[in-house]
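Numbering (the numbering used here), first residue to last: 42 to 369. Every residue, glycine too, gets a C-beta built ideally from N, C-alpha and C. Have a look at the structure below, then the notes.
Printed below as a string of structure tokens:
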């Protein structure tokens, strides 16, 4: 089985095959101890939660597994989750990220792998063993389920699909990744890798924050194809509200992680604009022998000098950041 080529430092994307769901021999981590897997499911009025919990427990019958439901519902979601065998805890605050951080705080210290998934039955819980397989085999620290590989018709509307593509492309460009689906809610992470992450966002940008921080920590990231179905219940993602927040987070984190990328982009645009405006000045001088557009000439000089300065600041910021990282 192949999981794709290395990308940059510690980043992997793509998967050539998928593991069989039923492989009890793979559940052993040595000394006849079962791999311990914690599944965390945030919920807010989820009609399908009973089925999701039941499927997850059955899928992980060959593992030492627990299902933790972090509930913010006003209906009987908590009761149905408990009946299906989940550990249920109420979410005191609100937000997608806060729900997962609440769940993370309940994980046993000896947990090997943490699985994150939604409670609306859009994901097939029986694919959890396939999702955690790269981590168990030592190929990955973070495994993302690529929904676009097996998406049922109508499972994602065009607006959300476009937003996902924009966010994923932005992440890929700014962080040197090759992901297909950065906003997937079906993912698994090695517990020791999770402990190294510094996650603070309480909302939907949490999903991007995890990937960015994993990239910063040089963790190995892979994607595997997963099924994505039409949801049961109301969608929680609000594209117009959450999309700009996610993009804002990505830009803020690239400012801290790789400021040179921002400085060189801004400075490069300024220098490029100076070449364009300067072209008119040079053309006038070559054809007439005089320069009459003094304002344009001054603008050209200012753009060029400012652009060079911005790029220089970027180089300086990059050197300082590298020195600070070495001290850590």
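Go ahead and pull the three-state DSSP assignment for residue i.
{"i": "residue 102", "result": "coil"}
{"i": "residue 185", "result": "strand"}
{"i": "residue 127", "result": "coil"}
{"i": "residue 78", "result": "strand"}
{"i": "residue 107", "result": "strand"}
{"i": "residue 357", "result": "helix"}
{"i": "residue 12", "result": "The shown model of the chain, from 42 to 369, leaves out residue 12, and the question about it has no answer."}
{"i": "residue 259", "result": "coil"}
{"i": "residue 241", "result": "coil"}
{"i": "residue 330", "result": "coil"}
{"i": "residue 302", "result": "helix"}
{"i": "residue 89", "result": "coil"}
{"i": "residue 96", "result": "helix"}
Among the residues of its own chain, which have a CB less than 6 Å from the CB of residue i, if the five just before and after it don't count?
{"i": "residue 266", "result": "187, 190 and 191"}
{"i": "residue 160", "result": "82, 84, 87, 90 and 93"}
{"i": "residue 230", "result": "155 and 183"}
{"i": "residue 243", "result": "136, 138 and 139"}
{"i": "residue 351", "result": "304, 307 and 308"}
{"i": "residue 315", "result": "341, 344 and 345"}
{"i": "residue 248", "result": "224"}
{"i": "residue 121", "result": "90 and 91"}
{"i": "residue 197", "result": "none"}
{"i": "residue 268", "result": "165 and 191"}
{"i": "residue 194", "result": "none"}
Give me the DSSP bridge partner(s) of residue i.
{"i": "residue 112", "result": "84 and 131"}
{"i": "residue 264", "result": "185"}
{"i": "residue 269", "result": "164 and 192"}
State the CB to CB distance for the pair residue i and residue j, rounded to an integer number of angstroms; the pair is presumed to be in contact (CB under 8 Å).
{"i": "residue 166", "j": "residue 97", "result": "4 Å"}
{"i": "residue 12", "j": "residue 156", "result": "Since the displayed the chain opens at 42 and closes at 369, residue 12 lies outside it and no answer follows."}
{"i": "residue 147", "j": "residue 129", "result": "11 Å between Cβ atoms; not a contact."}
{"i": "residue 319", "j": "residue 348", "result": "Going by Cβ atoms, the distance from residue 319 to residue 348 rounds to 12 Å, so no, they are not a contact pair."}
{"i": "residue 110", "j": "residue 143", "result": "Contact flag wrong, Cβ pair sits at about 11 Å."}
{"i": "residue 181", "j": "residue 262", "result": "7 Å"}
{"i": "residue 227", "j": "residue 158", "result": "5 Å"}
{"i": "residue 125", "j": "residue 95", "result": "5 Å"}
{"i": "residue 225", "j": "residue 185", "result": "5 Å"}
{"i": "residue 80", "j": "residue 169", "result": "7 Å"}
{"i": "residue 233", "j": "residue 222", "result": "Not quite, the Cβ-Cβ distance comes to about 25 Å (not below 8 Å), so this is no contact."}
{"i": "residue 354", "j": "residue 235", "result": "That pair is no contact at about 35 Å."}
Here's a check: name, in chain order, each residue in its chain whose Cβ is nearer than 7 Å to the Cβ of residue i, leaving out the five neighbours to either side.
{"i": "residue 254", "result": "238, 239 and 240"}
{"i": "residue 63", "result": "With a pLDDT of only 39 at residue 63, under 50, the local geometry of the prediction cannot be trusted, and the value read off the model is given with reservation. Here the set comprises nothing."}
{"i": "residue 99", "result": "none"}
{"i": "residue 151", "result": "77"}
{"i": "residue 115", "result": "86"}
Looking only at its own chain, which residues have a Cβ that is under 8 Å from the Cβ of residue i, when we skip the five neighbours before and after it?
{"i": "residue 162", "result": "89, 92, 93, 270, 272 and 273"}
{"i": "residue 312", "result": "344, 345, 348, 349 and 352"}
{"i": "residue 334", "result": "321, 322 and 325"}
{"i": "residue 132", "result": "83, 111, 112, 113, 139, 140 and 143"}
Within 8 Å (strictly less), CB to CB, does residue i reach chain B?
{"i": "residue 220", "result": "Among the chains of the structure shown, chain B does not appear; only one protein chain is present."}
(request) Please list the segments of the alpha helix (DSSP H) lying wholly inside the segment 136-199, counting only runs of 4 or more residues, in order along the chain. (result) 137-145 and 169-177
(request) Entirely within the segment 202-235 and at least 4 residues each: give me those alpha helix (DSSP H) ranges in chain order. (result) Here the runs fully enclosed are 232-235.
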